[in-house]
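Engineer: Could you have a look at this structure, given as structure tokens, before my questions?
Protein chains: 2
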Amino acid sequence: MSKTAKDQGNESSFMDKQITRRDVLKYTGIGGMGVLIGSSGLGCVLAMTDKWQKRSAKSANKNEIVPFHGKHQAGVVTPVQNNIYFVSMDVTASSKNELKQLFKDWTEAISHMTSGNPVGETSSNHYIPPKDTGEAMGLSPSNLTVTIGVGPSLFVKDGKDRFRLKNKQPKELVDLPKFPFDALEEEWSGGDVCIQACADDLQVAFHSVRNLVRIARGKATIRWAQTGFQRTKQADPKQGTPRNLFGFKDGTGNPDTTSKQEMNKHIWVQNGDGPNWLVNGTYLIVRRVQMHIEVWDRSTLKDQEDTFGRYRDSGAPLGKKKEFDSVDLDLKDENGNHVIPASAHVRLAKGNGKEIILRRSFSYTNGMDIKTGSFDAGLLFISFQRKPSKQFIPIQERLAKMDKLNEYTVHRGSAIFACLPGTTNGGYIGETLF
Amino acid sequence: MSKTAKDQGNESSFMDKQITRRDVLKYTGIGGMGVLIGSSGLGCVLAMTDKWQKRSAKSANKNEIVPFHGKHQAGVVTPVQNNIYFVSMDVTASSKNELKQLFKDWTEAISHMTSGNPVGETSSNHYIPPKDTGEAMGLSPSNLTVTIGVGPSLFVKDGKDRFRLKNKQPKELVDLPKFPFDALEEEWSGGDVCIQACADDLQVAFHSVRNLVRIARGKATIRWAQTGFQRTKQADPKQGTPRNLFGFKDGTGNPDTTSKQEMNKHIWVQNGDGPNWLVNGTYLIVRRVQMHIEVWDRSTLKDQEDTFGRYRDSGAPLGKKKEFDSVDLDLKDENGNHVIPASAHVRLAKGNGKEIILRRSFSYTNGMDIKTGSFDAGLLFISFQRKPSKQFIPIQERLAKMDKLNEYTVHRGSAIFACLPGTTNGGYIGETLF
């Protein structure tokens with residue numbers, strides 16, 4: 005098998021024809037195996053195919069599988085996994101049919117991968133590229149969820165109704181307004197579609213995104229991509245609220261994801277909200293928020309706690325004792341001053357308490373920020389909501405204006421996507437839209 | 005507590021004096037607490053300090069602690085953790101004494117953090133910056149190891165004997181030669197010192213690096229930094245060899261890290277090897293190898309397996325059945341051709357079998373490569389060896405010339421560091437050098 009490139013080329017041509025499992029059985033029938041084993045490696049093919057299947061079955065620990073099919077997509081009310089791989093893509097497909105096929109292919113691949121199986125069938129043919137890229141082989145499904153969304157630019161881009169979808173664009177699915185102090189960078193903003201892959205194992209999340217990007221070849225290209233993490237939950241038996249890179253708990257004020265009523269009220273798009281195709285879907289807003297952790301680290305604990313309006317250790321609102329104690333914005337100290345300062349993050353985020361969003365954020369760290377020599381680290385803020393205009397936008401308008409946290413953070417990226425409703429076996433994500 | 009910046013400034017000056025735990029007890033003695041609770045938050049300080057200590061004690065699961073003190077530094081023969089945060093730094097300290105103090109401070113901080121404790125004592129004073137940045141609070145020690153190394157440029161830079169260490173520079177501690185096809189980038193190469201933090205939880209690894217960088221303020225700055233991951237071992241009960249992003253097992257040919265004899269022979273610097281200060285240390289070589297995964301994914305399985313010289317599924321050498329079956333470079337097929345091709349990675353890496361290195365690599369993914377629109381992903385290759393000139397360098401010279409893998413990879417970063425020997429309680433990392 006020591007061959008020059010030319011020899012290999014010849015062999016490839018010769019062997020290019022599809023070799024099915026039946027062929028292998030045929031060619032390697034009693035006495036036949038010896039002939040082929042050296043020159044093509046087919047001897048090992050059978051062994052490999054069997055092993056792979058056994059391994060997949062074994063690894064498919066039901067406790068680590070989040071069901072893919074359902075009324076809603078997974079990855080929204082799913083308990084937060086350890087890692088995220090978020091990708092925003094630009095669609096290059098030239099027709100609605102191509103786009104539709106992409107979503108069908110994605111759906112099939114996602115249903116396999118979230119069950120802990122390789123993408124598509126494992127071929128016994130060594131002379132084609134493997135369908136699955138292999139790095140998740142033997143790994144647990146790791147609670148993988150893959151959530152697909154569509155951005156405003158999929159409907160209309162540069163004034164053009166690209167896929168005859170213009171009349172289906174929801175009023176809520178428009179670029180976010182520019183908020184004060186936004187420092188958005190094109191390279192971290194926008195996108196026609198998004199893939200949010202979350203798993204307890206980054207290798208499993210990466211594997212899913214990589215295979216979906218591969219399937220999209222010729223139809224969509226990566227626009228931007230960001231990994232994120234939070235503390236490994238296995239290490240924290242209490243399953244407490246994760247801490248962000250400022251050392252504070254993040255997500256305490258979230259609504260109860262186990263309450264259908266709350267989720268229908270605040271998160272899932274309902275009949276009558278807008279286009280019917282999005283009913284049981286939701287809007288995903290993602291903001292890449294860089295944190296100036298070196299500056300933060302030089303501020304006093306009191307300043308930090310006044311900034312969030314919570315105690316760092318317990319996560320309790322200032323003036324209270326426990327993390328989940330209600331936030332009392334009216335509480336005053338003996339001098340008549342608010343215990344929770346006017347510019348505290350929790351005060352501004354809460355507002356009148358009626359704008360409820362579901363936050364599902366991750367920390368990120370991309371090594372060094374070459375521009376500053378500091379850590380390029382921060383929060384990949386992600387929230388889900390039923391009506392951005394009544395939920396995220398008014399909250400962020402308040403925060404952007406006077407949140408004390410603005411001294412330590414800068415919003416570098418932003419995008420909005422409509423997360424499609426879920427699908428059942430036989431259907432596909434996007435079936436209500438296309 | 006709703007104050008202007010000016011008010012806060014005044015209050016800070018007033019409160020700047022150190023408040024000890026005893027002060028708190030004094031000020032908050034019976035009847036006193038009510039006075040302070042609103043205006044300074046001191047009421048919660050006591051509760052916090054106690055909780056933090058309890059939590060740290062609880063979280064310090066002995067099973068997830070890798071001992072820091074010892075003859076060698078941890079993080080070399082330690083079983084590979086899930087995540088790495090690798091940082092290369094440029095030293096800006098102006099004297100050897102400053103440098104020495106930095107290594108002492110680092111040693112103390114590392115000994116705390118690897119035990120699952122915060123950096124230094126938790127202060128009850130809210131009016132100073134917290135000593136610990138807090139994001140690892142309540143988390144498991146996660147098998148954190150922190151390994152410190154010194155690069156050639158710490159000894160001599162631009163011809164200058166910066167810290168009167170020139171005569172201590174080992175002959176082996178010199179920049180690696182330029183290998184064919186190297187495409188090294190300054191921003192991913194070199195460094196005066198390195199911090200290799202590995203943990204099963206990226207948040208714990210990040211926390212350690214961030215606090216060490218903070219401690220180094222004014223004495224060293226980040227030069228480059230890279231996170232890495234491998235499959236989460238909890239998910240893989242067999243604790244098999246991790247797979248790289250090409251889907252192949254990586255690290256199969258490693259020497260036995262549990263054998264003192266093998267480690268002394270191949271990894272740890274011995275008496276007589278070079279300067280005495282490095283005895284029981286080792287040389288770390290790091291290469292940031294970008295993988296063109298999109299190209300790889302379009303190649304056939306046969307081509308991929310010929311490239312590595314191993315089967316993808318089992319990890320067995322071509323012609324063999326099991327991962328740990330010995331590599332037989334002489335094996336020929338019925339046509340007289342080598343079963344393991346001449347350009348196969350495993351053949352070139354193995355050579356005559358006498359150059360043994362300990363690989364401890366991680367995959368990385370930094371989102372999109374803006375230059376190409378592809379994934380910026382690959383391998384943060386790390387190896388340890390006793391004598392680079394007799395181990396890594398001859399191997400890499402062979403690989404760089406004709407490894408078939410070169411079609412799919414490009415070396416973008418490179419550095420070499422001498423990892424200092426370990427220390428005992430009361431000593432510090434670097435004590436033999438300074």
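Same order as they appear, the protein sequences are chains A and B.
Residue numbers for the first sequence follow my numbering, beginning at 5 and rising by one.
Residue numbers for the second sequence follow my numbering, beginning at 5 and rising by one.
All C-beta atoms, glycine included, are put in the ideal place defined by N, C-alpha and C.
1) Identify the contact partners of residue 228(A) in chain B, using a Cβ-Cβ distance below 7 Å as the criterion.
2) Quick one: what does DSSP say residue 333(A) is sitting in, helix, strand or coil?
3) What does the alpha-carbon distance come out to for the pair residue 119(B) and residue 145(B)?
4) Rounded to whole angstroms, what is the Cα-Cα separation between residue 172(B) and residue 98(B)?
5) Residues bridged to residue 412(A) by DSSP?
6) Are the beta-carbon atoms of residue 207(A) and residue 88(A) separated by less than 8 Å?
7) Looking only at DSSP bridge pairs, what is residue 290(A) linked to?
8) Enumerated in chain order, which unbroken segments of the alpha helix (DSSP H) with a length of 4 residues or greater are wholly contained in the segment 139 to 196 of chain A?
9) Got a sec: which bits of the segment 387 to 399 of chain A sit with their beta carbon under 8 Å from any beta carbon on chain B, in order along the chain?
10) Run through chain A and tell me which residues come within less than 7 Å of residue 206(B), C-beta to C-beta.
11) Please report the distance separating the alpha-carbon of residue 113(A) from that of residue 435(B).
12) What are the residues in the segment 117 to 147 of chain A lying within 7 Å of chain B by C-beta distance?
13) Would you say residue 306(A) lies against chain B (beta-carbon separation less than 8 Å)?
14) By the 7 Å beta-carbon criterion, what residues does the segment 179 to 198 of chain B contribute toward chain A?
15) For residue 342(B), which of helix, strand or coil comes out of DSSP?
16) Against residue 333(B), what residues of chain A qualify as contacts under a CB-to-CB distance less than 8 Å, listed in chain order?
17) Less than 8 Å separating the beta-carbons of residue 94(A) and residue 227(A)?
18) Once you ignore the five residues that flank residue 214(B) on each side, which residues in its own chain have a CB closer than 7 Å to its CB?
19) Does any CB atom of chain A fall closer than 8 Å to the CB of residue 403(B)?
20) So is residue 184(B) buried or exposed if we call it buried at 16+ other beta carbons inside 10 Å?
21) Residues of the segment 354 to 385 of chain B with a CB closer than 8 Å to any CB of chain A: list them in chain order, please.
22) Is the shortest distance between the beta-carbon of residue 303(B) and the beta-carbons of chain E less than 8 Å?
23) DSSP on residue 367(B), reduced to helix/strand/coil?
24) What residue from 69(B), 68(B), 70(B), 74(B) has the CA that sits closest to residue 430(B)'s CA?
25) Determine whether the beta carbon atoms of residue 147(B) and residue 204(B) lie at a separation below 8 Å.
26) At what residues does the beta strand (DSSP E) containing residue 87(A) begin and finish?
27) Classify residue 373(B) as helix, strand or coil using the three-state DSSP reduction.
28) Measuring alpha carbon to alpha carbon, tell me which residue in 83(B), 77(B), 432(B), 385(B) is nearest residue 262(B).
29) Tell me, please, which residues DSSP counts as bridged to residue 406(B).
30) So, helix, strand or coil for residue 380(A), using DSSP?
31) Could you confirm whether any beta carbon from chain A is found closer than 8 Å to the beta carbon of residue 285(B)?
32) What runs of the alpha helix (DSSP H), each 4 residues or longer, lie entirely inside the segment 238 to 270 of chain A?
33) Starting from the C-beta of residue 70(A), find all residues in its chain whose C-beta is less than 6 Å away, skip the five residues before and the five after it, and write them out in chain order.
34) Decide if residue 312(B) is buried, meaning its Cβ has at least 16 other Cβ atoms within 10 Å, or exposed.
35) Under a Cβ-count criterion, where at least 16 other Cβ atoms within 10 Å of its own Cβ denotes burial, should residue 162(B) be classed as buried or exposed?
36) Can a CB atom of chain A be found closer than 8 Å to the CB of residue 352(B)?
Structural biologist: Judging by the given coordinates:
1) 371, 372
2) coil
3) 6 Å
4) One alpha carbon belongs to residue 172(B), the other to residue 98(B), and they sit about 18 Å apart.
5) Residue 412(A) is not bridged to any residue.
6) no
7) For residue 290(A), the pairing in a beta bridge is given by DSSP as 386(A), 419(A).
8) The qualifying runs are 156 to 159.
9) none
10) 233
11) The alpha-carbon separation between residue 113(A) and residue 435(B) amounts to approximately 55 Å.
12) 130, 131, 132, 133, 134, 137, 138, 139, 141, 142, 143, 144, 146
13) At a cut-off of 8 Å, the C-beta of residue 306(A) has a neighbouring C-beta in chain B.
14) 191
15) strand
16) Neighbours of residue 333(B) on chain A: none; closest Cβ ~10 Å, over 8 Å.
17) yes
18) 137
19) no
20) exposed
21) 367, 369, 370, 371, 372, 374, 377, 378, 379, 381
22) Any reference to chain E falls outside this structure, whose protein chains are A and B.
23) strand
24) 74(B)
25) yes
26) Its beta strand (DSSP E) spans residues 87 to 95.
27) coil
28) 83(B)
29) Looking at the DSSP assignment, residue 406(B) forms no beta bridge with any residue, so it has no partner.
30) Three-state result, residue 380(A): strand.
31) For residue 285(B), the nearest beta carbon of chain A is not closer than 8 Å to its own beta carbon.
32) As for any alpha helix (DSSP H) of minimum length 4 sitting wholly inside the segment 238 to 270 of chain A, the runs are 264 to 270, ordered along the chain.
33) Taken in chain order, the residues that qualify are 78, 82, 147, 149.
34) Residue environment for residue 312(B): buried (at least 16 other C-beta atoms within 10 angstroms of its C-beta).
35) exposed
36) no
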